[in-house]
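Protein chains: 2
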Amino acid sequence: MIFSIARFSLYFQFVFLTLQGFDDHRVLALPKTSENYSLQMRPGAPFKIALFADLHFGEAETTDWGPGQDVNSKRVMNTVLDDETPDFVIYLGDVITANNILIANASLYWDQAISPTKSRGIPWASVFGNHDDALFEWPMEWFSAPGIPRLICPEANSTHSGAEACSFRGTHRLELMKHEIDHNALSFSKNGPKELWPSVSNYVLQVSSSDGPKSPVVYLYFLDSGGGSYPEVISTAQADWFRHKSDQINPDLRVPELIFWHIPSRAYKKVAPRFGIHRPCVGLINKEGVAAQKAELGIMKLLTKRPSVKAIFVGHNHGLDWCCPNEKLWLCFARHTGYGGYGDWARGARILEITQKPFSVKSWIRMEDNVVHSRVVLSP
Amino acid sequence: MIFSIARFSLYFQFVFLTLQGFDDHRVLALPKTSENYSLQMRPGAPFKIALFADLHFGEAETTDWGPGQDVNSKRVMNTVLDDETPDFVIYLGDVITANNILIANASLYWDQAISPTKSRGIPWASVFGNHDDALFEWPMEWFSAPGIPRLICPEANSTHSGAEACSFRGTHRLELMKHEIDHNALSFSKNGPKELWPSVSNYVLQVSSSDGPKSPVVYLYFLDSGGGSYPEVISTAQADWFRHKSDQINPDLRVPELIFWHIPSRAYKKVAPRFGIHRPCVGLINKEGVAAQKAELGIMKLLTKRPSVKAIFVGHNHGLDWCCPNEKLWLCFARHTGYGGYGDWARGARILEITQKPFSVKSWIRMEDNVVHSRVVLSP
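As you go down the protein sequences, you meet chains X and U in turn.
So the first sequence is residues 8 to 387, counted in our numbering.
So the second sequence is residues 8 to 387, counted in our numbering.
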């Protein structure tokens with residue numbers, strides 16, 4: 008079941024809005040009637056994707072500076088969207104900082120994070136980072152006077168209800184994703200196969216030629232790299248799912264594939280440049296060590312052996328924005344987009360531009376001050 | 008509301024069983040019609056309490072040796088109950104090791120832990136330890152092949168139902184206590200005032216003279232010392248609750264008071280004997296440092312200033328069984344009763360014997376091999 012009634016009506020609302028006013032949006036989102044959601048390119052135009060990484064909305068919500076960060080993060084997204092007018096946006100994890108959100112209003116912050124994209128009628132997809140869901144940890148200081156703060160229960164949060172909504176508890180990936188999907192016809196996110204849970208955001212989207220949905224140009228694979236409520240890994244089961252899915256929909260490896268997840272795999276440590284960034288790597292900042300997943304359980308072996316896979320894109324490290332080749336596969340960081348999270352490096356977003364004939368993937372980083380840098384071609 | 012329908016009918020079942028066959032049980036449990044549950048002494052007899060500490064049922068449930076531990080722990084309890092025939096039992100926390108219990112069947116292990124007491128018709132009360140409730144932690148090894156084990160969903164666990172019951176999640180103090188209370192008329196445990204949550208097992212029981220419930224002999228205070236899903240502390244709010252409650256029911260300090268919780272307060276570190284156990288301390292094992300609460304937020308100040316408080320009893324440290332005076336207040340460890348949990352020191356249970364006229368509290372430790380040691384008088 009792809010459509011709930013609400014989702015169906017929202018979809019028509021989207022189509023209506025599209026016909027009415029959003030004539031500047033560049034992609035035709037086909038009805039989501041198959042398991043593989045389909046995005047369609049416009050005739051004669053490249054397909055442009057903006058990656059928004061590590062926004063960390065809702066961080067330090069009770070302070071003066073916390074909500075100010077979110078305002079700044081929205082400004083970055085607005086700037087990038089106005090400058091680049093992408094066809095599609097990928098939220099590359101750590102959309103929110105759930106760790107510090109006191110009540111089950113995480114989805115309200117999530118809504119804020121997607122609002123610049125949504126308000127422009129641009130479709131998007133999201134994957135989870137390690138800060139998006141979290142176990143609830145009781146702060147020690149609540150046990151001395153003045154005690155546990157009174158809960159302020161959000162009325163607007165229709166995903167949750169009653170006592171369950173208004174209690175101190177952690178956020179859950181499934182709830183966050185359900186809220187995004189149920190309330191947004193423009194969202195191409197999916198909960199992924201149930202057998203992969205607690206890992207959730209595992210799915211594939213097809214970008215089709217303007218000729219029609221039977222002419223795939225590229226497959227976009229999204230994987231949940233864990234963290235938060237469970238370990239930071241891509242599991243053997245996820246690797247198996249990728250192998251089966253890619254064999255099924257792209258058996259002859261003719262369609263190029265791009266991969267998106269949040270936490271760099273351990274292979275990133277091997278290719279990481281030392282003392283600055285030198286060719287063949289391309290990027291502007293190399294300010295910290297790679298904070299890789301806790302283990303490598305098979306996915307990298309599959310991806311490096313598969314020539315149709317062109318590049319992997321991750322966030323997580325706010326002080327890294329490079330792309331480096333690992334044999335024929337590019338390993339890329341996005342760019343820290345949000346004012347939330349650690350680090351004061353200038354904010355921006357990695358852009359991908361995909362052409363069909365001949366197939367190519369170009370990338371660059373668009374900064375908040377409109378500067379563009381780190382142009383690189385990620386396809387032969 | 009004290010009685011649910013089920014509880015009410017169970018209570019009558021208990022009274023019926025008592026009249027029928029359990030004539031060897033020593034205490035008359037009065038109907039629980041007031042906030043302060045009342046236990047009544049038999050004419051001319053002392054009131055004897057057995058403390059069962061750190062049973063850790065359900066530990067390593069998937070191994071060969073885990074369930075074997077629980078069998079051994081039951082044997083210890085059976086031996087103590089047969090030798091001492093106490094009037095009342097106190098489960099002093101860490102009844103289960105919830106950390107490693109995969110599904111919401113923690114209450115089934117809890118049922119096993121109380122079964123030796125219940126089957127003899129002896130009433131009891133319980134407090135929580137740091138291992139009784141727990142956040143769910145996904146083991147790293149589940150993310151490589153062979154993957155996440157299939158859930159085995161317990162049908163017998165009527166506290167939980169449907170998908171919520173059969174999912175990987177932590178245990179909750181409120182659910183554990185609800186299960187104990189709803190299914191056991193002999194349980195004198197309480198959920199405690201709602202304003203003290205997430206701290207749960209905070210309540211007081213009155214032991215009355217054989218003359219009737221208007222002649223209290225001693226008040227037994229139970230406090231939740233935290234741990235597991237929240238920090239290991241007795242909060243300022245709990246201290247305030249104790250102050251109000253004790254001022255209300257014992258304003259002239261005429262009735263002696265005994266205190267029970269799981270994790271030693273920091274005051275235990277100050278009185279801890281060094282190199283063996285010497286007078287005025289009394290005990291047999293002193294094998295480790297005191298693992299105290301994370302902070303001292305007011306309860307000890309109240310207790311030491313209140314001459315009606317005679318002693319505090321804790322578990323938590325399996326390698327300590329001493330009582331030491333802290334001015335006029337005795338600080339006592341129980342004795343590790345369970346085969347679950349760390350340490351191979353011989354198992355036993357601290358016994359308390361309370362007389363009415365004149366008031367006295369004597370204590371000793373009854374071992375699994377029937378030996379009795381560490382006799383001490385805890386009242387002037």
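Using N, Cα and C, we set each Cβ at its ideal position, and we do this for glycine too.
The structure presented is a predicted model; accordingly, all values stated were derived computationally and were not measured.
Which residue from the options puts its Cα closest to that of residue i?
| i | options | result |
| --- | --- | --- |
| Leu62 (chain X) | X:Lys317, X:Gly136, X:Lys301 and X:Ser174 | X:Gly136 |
| Ile218 (chain U) | U:Ala353, U:Gln363 and U:Pro93 | The displayed chain sequence assigns Asp, not Ile, to residue 218 (chain U). Nearest C-alpha to Asp218 (chain U): U:Gln363. |
| Met374 (chain U) | U:Trp352, U:Leu385, U:Pro387 and U:Val368 | U:Trp352 |
| Lys55 (chain U) | U:Leu227, U:Thr311 and U:Pro200 | U:Leu227 |
| Pro238 (chain U) | X:Ser151, X:Leu291 and X:Ala318 | X:Ser151 |
| His179 (chain U) | U:Gly283, U:Lys221, U:Asn112 and U:Leu230 | U:Asn112 |
| Lys125 (chain X) | X:Ser194, X:Val83 and X:Asp247 | X:Ser194 |
| Pro153 (chain U) | X:Glu202, X:Arg157 and X:His138 | X:Glu202 |
| Thr104 (chain U) | U:Lys369, U:Tyr346 and U:Ser370 | U:Tyr346 |
| Asp189 (chain U) | U:Asp118, U:Leu291, U:Val87 and U:Thr69 | U:Asp118 |
| Leu310 (chain X) | X:Thr69, X:Leu291, X:Ser367 and X:Leu230 | X:Leu230 |
| Lys335 (chain X) | X:Phe320, X:Arg313, X:Thr344 and X:His343 | X:Arg313 |
Provide the residue span of the beta strand (DSSP E) that contains residue i, from first to last.
| i | result |
| --- | --- |
| Pro332 (chain U) | Cys330 to Asn333 |
| Tyr210 (chain U) | Tyr210 to Ser216 |
| Met374 (chain X) | Ser367 to Met374 |
| Lys221 (chain U) | Gly219 to Phe229 |
| Ser381 (chain U) | Val379 to Val384 |
| Lys276 (chain U) | Lys276 (chain U) -> not in any beta strand (DSSP E); alpha helix (DSSP H) instead, spanning Ala274 to Val278. |
| Thr362 (chain U) | Gly355 to Thr362 |
| Leu99 (chain U) | Phe95 to Leu99 |
| Phe150 (chain X) | It is not in any beta strand (DSSP E) - Phe150 (chain X) carries neither H nor E in the DSSP assignment. |
Could you pull the start and end residues of the alpha helix (DSSP H) that residue i belongs to?
| i | result |
| --- | --- |
| His251 (chain X) | Thr243 to Ile256 |
| Val321 (chain X) | From DSSP, Val321 (chain X) is part of no alpha helix (DSSP H) but of the beta strand (DSSP E) over Val316 to Val321. |
| Ile121 (chain U) | Ala113 to Ser126 |
| Leu183 (chain U) | Arg180 to His190 |
| Gly73 (chain U) | Trp72 to Glu91 |
| Lys197 (chain X) | From DSSP, Lys197 (chain X) is part of no alpha helix (DSSP H); its letter is neither H nor E. |
| Lys308 (chain U) | Ile306 to Thr311 |
Excluding the 5 residues preceding and the 5 following residue i in the sequence, name in chain order all residues of the same chain whose CB lies nearer than 7 Å to its CB.
| i | result |
| --- | --- |
| Ala67 (chain U) | Gly73 and Asn107 |
| Lys252 (chain U) | Val211 |
| Val378 (chain X) | none |
| Ser133 (chain X) | Tyr98, Val102, Glu187, Ser196 and Ser208 |
| Ser45 (chain X) | Leu37, Gln213, Ser215 and Pro220 |
| Glu91 (chain X) | Lys55, Ala57, Ile358 and Arg373 |
| Leu304 (chain U) | Val240, Ile241, Ser242, Thr243 and Ala246 |
| Asn85 (chain X) | Pro123 |
Looking only at its own chain, which residues have a Cβ that is under 6 Å from the Cβ of residue i, when we skip the five neighbours before and after it?
| i | result |
| --- | --- |
| Lys294 (chain U) | Gly326 |
| His32 (chain U) | Unreliable positioning characterises His32 (chain U) in this predicted model, as indicated by a pLDDT of 44, which lies under 50. A coordinate reading is not provided. |
| Pro421 (chain X) | What the structure shows of chain X is the stretch from 8 to 387, and residue 421 (chain X) is not part of that stretch, so it cannot be assessed. |
| Gly322 (chain U) | Ala60, Asp61, Leu99, Gly100, His269 and Ala341 |
| Arg149 (chain X) | Looking at the sequence shown, residue 149 (chain X) is not Arg but Trp. These residues qualify, in order along the chain: Ile155. |
| Val289 (chain U) | Cys330, Ser381 and Val383 |
| Leu142 (chain U) | Gly177 and Ser236 |
| Pro387 (chain U) | none |
| Asp376 (chain U) | none |
| Ile306 (chain X) | Ile241 and Ala246 |
| Glu360 (chain X) | Pro53, Lys55 and Lys369 |
| Ala318 (chain X) | Leu265, Trp337, Cys339 and Leu385 |
| Ala279 (chain U) | Val297 |
Please go through the same chain and pick out, in chain order, the residues whose beta-carbon is closer than 8 Å to the beta-carbon of residue i, but skip the five residues on each side of it.
| i | result |
| --- | --- |
| Leu181 (chain U) | Asn198, Trp204 and Val207 |
| Tyr349 (chain U) | His325 |
| Glu144 (chain U) | Asn106 |
| Pro395 (chain U) | The structure shown has nothing for residue 395 (chain U), since chain U only spans 8 to 387. |
| Pro287 (chain U) | Cys331 and Pro332 |
| Arg250 (chain X) | Leu309 |
Give a single yes or no on whether residue i has its beta carbon closer than 7 Å to a heavy atom of the ligand NAP.
| i | result |
| --- | --- |
| Tyr346 (chain X) | As presented, the structure is devoid of all ligands, the ligand NAP included, so that no description of it is given. |
In chain order, what residues of the stretch 55-72 of chain X put their CB closer than 8 Å to some CB of chain U? none
Flag this pair as touching only if the stretch 69-86 of chain U and the stretch 226-243 of chain U have three or more C-beta atom pairs under 8 Å; answer yes or no. no
Practice task
Please list the residues of the stretch 236-263 of chain X that have a C-beta atom closer than 7 Å to any C-beta atom in chain U, keeping them in chain order.
Solution key: Tyr237, Pro238, Val240, Ser242, Thr243 and Ala244
Using a beta-carbon distance cut-off of less than 7 Å, what residues from the stretch 138-160 of chain U approach chain X? Leu142, Trp145, Met147, Phe150, Ser151, Ala152 and Gly154
Next on the checklist: Taking beta-carbon pairs under 9 Å, can you tell me which members of the stretch 293-316 of chain X lie near chain U?
Outcome noted: Lys301, Ala302, Leu304 and Gly305
| What residues in the stretch 194-225 of chain U have a beta carbon less than 7 Å from any beta carbon of chain X? | Pro205
Exercise. Does the stretch 321-339 of chain U come close enough to the stretch 255-263 of chain U that 3 or more CB-CB pairs lie under 8 Å?
Worked result: no
Spell out a yes or no on whether the stretch 272-287 of chain X and the stretch 299-309 of chain X are touching, meaning 3 or more CB-CB pairs, one atom from each, closer than 8 Å. yes
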